[in-house]
Structure formats: C-alpha cells, structure tokens
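Comments concern the structure below.
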Amino acid sequence: MLNLFQLVLQIAVILVAARLVGFLFQKINQPQVVGEMVAGILLGPSLLGWLAPHVSAALFPPSSLSYLNALSQVGLVVFMFVVGLALNPSELRGYGHAAVLTSHVSIVAPFCLGGLTALYLYPRLSDDGVSFTGFALFMGSAMSITAFPVLARILSERGMVRSRIGTMAIACAAVDDVTGWCILAYIVVLVRVTHSGRPAWVTIAGSIAYVAIMLFVVRRFLPAFEGAFRKADSLSDNLVAVVVVLVLVSALATEWLGIHLLFGAFLMGAIMPKTPEFTRYLLHKFESVTVVLLLPLFFAFTGLRTRIGVGGGRSIWLYSAIVIVVAITGKLGGSMFAGRLAGTSWREAAALGILMNTRGLMELVILNIGLDIGVISPAMFSIMVLMALVTTFMTTPLLEWVYPKRLQMQQAGETHQQVA
Amino acid sequence: MAAYLVLVGAPVLGLLGILEAGRAIAAPVSVGGEWKIEPDSAVSCADVPAGMSISQSGAYALITLKDGETMDGAVSGATLSGKSLQASIAGNAAGRTLQGTMRLNRCGLIAFRAARQPRKQGE
C-alpha cells in the first residue's frame with residue numbers, strides 16, 4: 001500500500017541531496033547533472049546503505065521503491081521527449097560525408113570493443129538465461145552511446161556551441177544517439193520476444209507500421225502546433241495538454257509493441273517541428289519540472305539499484321577497470337581517430353573524442369532498460385554505472401587540459417579576423 | 421567510400437565474427453528471479469518462508485528469503501549453494517526448479533522444492 005508520508009519524505013531527501021551535491025560539483029567546474037547522478041549513488045547501498053544500513057532501510061524500504069520507480073519513469077518519458085525535441089537533423093547539413101563517417105566510426109569502434117569485452121565478461125557476469133548475442137549487442141550499444149543533453153550543456157557552458165568542434169560533436173552525437181536507440185530497440189525486441197512468447201513478426205511489423213504512421217501521418221499534423229504558437233507567441237494550456245497526450249500515446253504504443261515506453265516518447269520529440277523559437281518554448285515548458293524534480297528521482301532510483309563492488313569478489317574491480325578502459329579507448333580513441341581523418345587537427349580531434357566520450361544520463365537510461373529486461377546482471381549494471389560516472393566526470397577537466405578556453409578564444413578571434 | 425568500407429565495414433564484419441565465436445561460450449545456469457518455496461510434506465514447521473528472490477551476477481547469487489534473511493550464494497554447475505542452503509538446479513530457463521535443503525533459524529534443517537515464477541510484463 002502507498003505510504004504517502006514516506007514517498008514525500010523520499011522525494012524531499014532526494015531533491016536536497018541532488019541540489020547539494022550538484023552545487024558542490026559546480027564548484028569544481030562539473031555540470032550540475034554530474035553531481036545529481038553522484039547524489040543518487042550516494043543515497044543507495046553503495047554509500048548510505050553501507051554506512052547507515054538502518055537509516056537506508058527506514059528511508060528506502062524495498063517495498064516502497066515501486067512508487068519511486070513509477071514517478072521516475074514518467075519523468076524519463078518526458079525527458080526522452082525533450083531529448084528528441086532538441087535533436088535537429090538540419091545540424092547535420094554542411095558536414096556531409098565527413099560527419100557520417102566520423103559518427104559511424106565513433107559508434108562502430110566502441111561497439112566492436114564492447115562485443116570483444118563481452119567474450120570475457122559473459123561467462124563471468126551473465127547467465128544462460130541471456131543469449132551471448134543479446135549480451136554482446138547490449139554491451140556494444142552501451143559502450144557507444146553519447147549523452148547528447150550533457151554534451152550540449154558542457155558545450156554551452158564553455159561557449160563552444162557554435163565552434164567547429166562543438167557543432168561537429170553535436171552532429172555526431174545526434175547520429176550516435178539515433179543509431180544507438182535503433183540498435184537498443186532491436187535488442188529489447190530480441191530479448192522480450194524470447195521471454196514473452198509473442199511472435200517476433202508482430203513486434204517487427206508493428207514497429208515498422210508505427211514508425212511509418214508517425215513519420216507520414218502524425219508528423220503532417222504537428223505544424224499546426226507551431227502555427228498556433230506563432231499566432232499567440234505561446235501555446236494554450238489545452239494545446240500543451242494535447243502535446244503531452246500525444247507523447248503518452250506514442251510511448252504507450254511502443255510499450256505495447258514490446259519495444260519500450262521511452263522509444264515512443266523520443267520519436268514524438270524527434271518529429272516535432274524544429275523552428276528554434278517553438279523548440280525553445282516547448283523545452284522551457286517541459287524541462288523545468290523534469291530536470292528539477294523528476295530526473296533526480298531517476299538518479300536516486302538508479303543509485304538504489306547500484307551496488308558498487310558487490311557481486312564477484314575482488315575480481316569485480318578488475319572487471320570495472322577493464323570496462324572503463326575499453327569504453328574510453330573505444331569512444332574517445334575511435335572518435336579522435338575519425339575526427340583526425342575528417343581533417344581536424346590532432347588537438348581538435350582529441351577534443352572531439354573527449355566530448356563524444358561523455359555518456360552521462362543517457363547511459364543510465366539504457367542501463368536501466370538493460371537491467372529491467374534482464375540482459376545485464378546487477379553486477380554488470382553497477383560496473384557500467386561506474387563507467388558512466390567516470391567517463392562523464394573526466395570530460396570537463398580533460399577538455400580544459402587538451403583544449404583550454406584561452407586557446408578556444410584565440411582561435412575564435414583568428415576566425416573573426418579572417419572573416420573581417 | 422573506400423575509407424567508409426575500411427573503417428566501418430571491416431569492424432562490422434569483425435563484430436559478426438565475435439557474435440559467432442560467442443555462441444560457443446557457456447555462462448552459469450540462470451537462477452535469478454522470484455521463487456515460490458514449497459517445503460517437503462514431512463516438514464511440520466509453519467515458519468518456512470513462502471518464497472525468495474535471487475539476484476544473480478554470473479556465478480554469484482544474492483539470496484533474499486521472504487522473511488528478510490539474506491545470504492550470499494554461488495552457482496556451480498547445476499548446484500546452488502549458500503551459507504544455509506544447498507539445492508540442485510533442474511529444468512530449462514522457462515521452467516526452472518530447485519530441490520534441496522535449507523537451514524532456518526526457527527525450523528532447523530528442512531527439505532524444500534522451489535519453482536521460479538515467470539517474469540511479469542514491464543519488469
């Protein structure tokens with residue numbers, strides 16, 4: 001039964017922890033979101049449950065977590081809509097083959113290394129209820145993802161959004177995200193079909209029909225929202241509610257098809273009109289509640305499922321080190337190599353690699369899906385969460401070291417002089 | 421085009437090779453999930469927990485009985501063993517069962533059977 005007092009207390013504790021740790025992380029030049037991710041881990045068994053097990057058990061009893069999970073899932077649905085909304089295919093224009101090559105190499109390199117690592121980790125951290133193919137493909141896609149929202153925030157905070165490297169990173173991250181989500185959808189179908197007994201063709205044919213309806217039917221009606229926005233410079237509450245309902249219906253359709261709620265929300269955002277003013281307005285409408293209230297709940301729920309160092313004795317630290325090294329080598333190394341091939345200097349290529357190596361909360365979203373469908377074990381989940389934290393945390397200091405702000409401003413000045 | 425084939429096509433072929441090689445690798449028997457416990461008919465103790473949940477990572481298993489007691493366990497071949505539990509694993513992934521003994525504080529050593537419960541949609 002729902003214990004309202006406990007739920008409200010949990011939310012209050014989570015929000016205080018998220019804001020406090022986020023504030024401290026900002027003091028060391030990290031994005032607020034990295035601090036919020038860490039706050040979630042601190043509230044879980046890895047710290048609070050280890051230091052004060054009775055406090056942890058009283059505050060977060062296992063029976064109460066389903067409500068926290070439900071709230072965080074609603075937050076994720078809205079968040080994935082926001083991510084899709086921020087995705088703009090026109091950003092790819094002007095990069096042509098170079099962007100496609102760079103982004104595809106930056107996916108394939110970590111994907112292959114992830115698959116290779118799966119050969120070693122599958123017999124050690126998985127079980128025969130999961131096929132090697134499912135495990136390896138999941139490892140590959142989890143290694144190759146880039147946190148588009150965190151990346152955009154880091155670029156914005158450093159004033160790099162319009163720089164050559166910034167725009168290239170955003171374009172590549174957009175391609176990476178779409179590709180990564182498509183692969184993940186395939187893995188979810190692969191795993192769920194095995195367990196549910198529903199014929200695979202139903203899910204596959206249904207998914208194709210769903211995407212076709214979204215792209216060729218629903219998309220045609222969406223400019224009406226933009227038209228209403230232009231007339232009044234805002235959307236009425238009724239129209240905002242219609243947008244929310246569309247997001248929910250799309251999410252429900254993909255969940256019913258056996259993919260996942262989040263794919264539907266993401267696609268709905270991706271096909272919305274992309275006029276900057278309209279996108280900014282919708283982002284502003286949806287972002288505040290999601291980022292301030294609901295995402296910290298997701299981080300806390302993730303933290304409560306994370307048991308760092310548990311599940312394989314001392315070997316777990318070796319496995320963690322392997323995963324972190326492979327993830328960085330594949331993504332940072334692969335993107336850097338591809339960037340260099342696309343004609344950037346070594347320094348710029350390294351900056352691109354560092355930016356693309358940011359996994360952030362998109363990685364946490366994917367890992368939670370993996371744990372929910374049973375394709376990764378709890379220990380593998382914890383290792384990958386640790387990897388997500390390390391790769392996200394290292395972005396800002398490494399970027400400052402390789403591509404300092406003074407150099408960035410100097411290059412911007414030179415470009416300005418050339419233009420003048 | 422040539423660069424694309426070398427840098428993207430070749431690794432994709434490599435990945436297909438990895439997936440093929442991985443088919444031969446065996447992982448520990450799956451015991452993770454929710455289990456319904458049925459004590460042996462000869463057991464008269466009324467405090468036998470109705471079920472347990474097992475969180476598995478490779479050969480490691482964290483066993484949590486419905487009464488709250490937890491113990492570390494290990495899967496070795498077709499055997500699950502913990503500090504106070506020893507059971508043989510039978511059946512396939514869809515209908516897995518355990519049969520063995522466990523020592524409970526209030527009942528002593530008891531024989532039991534357990535059947536894994538199917539995963540619910542959305543879990």
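Here the protein sequences come in this chain order: W and R.
When the letters of the first sequence are read in order and numbered with the working numbering, they come out as residues 1 to 420.
When the letters of the second sequence are read in order and numbered with the working numbering, they come out as residues 421 to 543.
Just so you know, even glycine gets a beta-carbon here, dropped at the ideal spot from N, CA and C.
Contact criterion: CB-CB distance below 7 Å. Does residue i meet it with respect to chain R?
{"i": "Ser141 of chain W", "result": "no"}
{"i": "Cys112 of chain W", "result": "yes"}
{"i": "Ala70 of chain W", "result": "no"}
{"i": "Asn3 of chain W", "result": "no"}
{"i": "Leu371 of chain W", "result": "no"}
{"i": "His104 of chain W", "result": "yes"}
{"i": "Val108 of chain W", "result": "yes"}
{"i": "Leu262 of chain W", "result": "no"}
{"i": "Leu101 of chain W", "result": "yes"}
{"i": "Glu400 of chain W", "result": "no"}
{"i": "Gln6 of chain W", "result": "no"}
{"i": "Tyr319 of chain W", "result": "no"}
Determine, for residue i, whether the minimum Cβ-Cβ distance to residues of chain W falls below 7 Å.
{"i": "Gln476 of chain R", "result": "yes"}
{"i": "Val428 of chain R", "result": "yes"}
{"i": "Ala507 of chain R", "result": "no"}
{"i": "Leu435 of chain R", "result": "yes"}
{"i": "Gly502 of chain R", "result": "no"}
{"i": "Ala513 of chain R", "result": "yes"}
{"i": "Pro431 of chain R", "result": "yes"}
{"i": "Ala534 of chain R", "result": "no"}
Using 8 Å for Cβ pairs, my map puts residue i next to residue j. What's the rounded Cβ distance?
{"i": "Val468 of chain R", "j": "Leu500 of chain R", "result": "Actually they do not touch by this definition, with Cβ atoms about 17 Å apart."}
{"i": "Ile145 of chain W", "j": "Met362 of chain W", "result": "5 Å"}
{"i": "Leu485 of chain R", "j": "Met472 of chain R", "result": "5 Å"}
{"i": "Lys480 of chain R", "j": "Ala118 of chain W", "result": "As written in the sequence, residue 480 of chain R is Tyr, which differs from the Lys given in the question. Not really, about 18 Å apart at Cβ, beyond 8 Å."}
{"i": "Arg314 of chain W", "j": "Pro45 of chain W", "result": "Not really, about 19 Å apart at Cβ, beyond 8 Å."}
{"i": "Leu71 of chain W", "j": "Leu367 of chain W", "result": "About 19 Å; that fails the 8 Å criterion."}
{"i": "Gly84 of chain W", "j": "Met268 of chain W", "result": "6 Å"}
{"i": "Phe138 of chain W", "j": "Asp177 of chain W", "result": "In fact, because the Cβ distance is near 16 Å, the residues do not count as touching under 8 Å."}
{"i": "Ile373 of chain W", "j": "Arg192 of chain W", "result": "6 Å"}
{"i": "Thr275 of chain W", "j": "Glu226 of chain W", "result": "6 Å"}
{"i": "Thr517 of chain R", "j": "Ala535 of chain R", "result": "5 Å"}
In chain R, which residues lie less than 7 Å from residue i when you measure between Cβ atoms?
{"i": "Arg124 of chain W", "result": "Gly478"}
{"i": "Ala118 of chain W", "result": "Gly442"}
Applying a beta-carbon distance threshold of less than 9 Å, which residues of chain W neighbour residue i?
{"i": "Ile483 of chain R", "result": "Under the 9 Å cutoff, chain W gives no residues; its nearest Cβ is about 13 Å from Ile483 of chain R."}
Does the beta-carbon of residue i have 16 or more other beta-carbons within 10 angstroms, so that it is buried, or is it exposed?
{"i": "His104 of chain W", "result": "buried"}
{"i": "Gln408 of chain W", "result": "buried"}
{"i": "Met421 of chain R", "result": "exposed"}
{"i": "Gln519 of chain R", "result": "exposed"}
{"i": "Asn357 of chain W", "result": "buried"}
{"i": "Tyr424 of chain R", "result": "exposed"}
{"i": "Gly542 of chain R", "result": "Any reading at Gly542 of chain R must be qualified, since the residue scores a pLDDT of 47, below 50, and its modelled position is unreliable; the value itself is stated next. Exposed, by the Cβ-count rule."}
{"i": "Lys231 of chain W", "result": "exposed"}
{"i": "Gly115 of chain W", "result": "buried"}
{"i": "Pro404 of chain W", "result": "exposed"}
{"i": "Val419 of chain W", "result": "Any reading at Val419 of chain W is ruled out, since the residue's pLDDT is 46, under 50, leaving its predicted position unreliable."}
{"i": "Arg280 of chain W", "result": "exposed"}
{"i": "Phe221 of chain W", "result": "exposed"}
{"i": "Trp181 of chain W", "result": "buried"}
{"i": "Leu389 of chain W", "result": "buried"}
Name the chain W residues whose beta carbon is nearer than 8 Å to that of residue i?
{"i": "Gly452 of chain R", "result": "Asp127, Gly129, Gly374 and Ser377"}
{"i": "Ile438 of chain R", "result": "Cys112, Gly115, Leu116, Ala118, Leu119 and Ala136"}
{"i": "Ile445 of chain R", "result": "Leu119, Tyr122, Pro123 and Phe132"}
{"i": "Val449 of chain R", "result": "Asp127 and Asp128"}
With DSSP as the reference, identify every bridge partner of residue i, one or two as the case may be.
{"i": "Ala481 of chain R", "result": "R:Gln476 and R:Gly493"}
{"i": "Glu454 of chain R", "result": "R:Ser473"}
{"i": "Val522 of chain R", "result": "Inspection of the sequence shows that residue 522 of chain R is occupied by Met rather than by Val. DSSP output for Met522 of chain R lists R:Leu505 and R:Ile530 as bridge partner(s)."}
{"i": "Leu500 of chain R", "result": "R:Val495 and R:Ala507"}
{"i": "Ala12 of chain W", "result": "Paired residue(s): none; Ala12 of chain W is not in a bridge."}
{"i": "Pro459 of chain R", "result": "R:Phe532"}
{"i": "Thr133 of chain W", "result": "Beta-bridge pairing links Thr133 of chain W to no other residue."}
{"i": "Thr517 of chain R", "result": "R:Ala510 and R:Ala535"}
Can you pull the chain R residues whose beta carbon is under 8 Å from the beta carbon of residue i, in chain order?
{"i": "Leu341 of chain W", "result": "Ala423 and Leu427"}
{"i": "Met272 of chain W", "result": "None at all; the shortest Cβ gap to chain R is about 27 Å."}
Going along chain R, which residues have a C-beta under 9 Å from residue i?
{"i": "Met380 of chain W", "result": "Ser477 and Gly478"}
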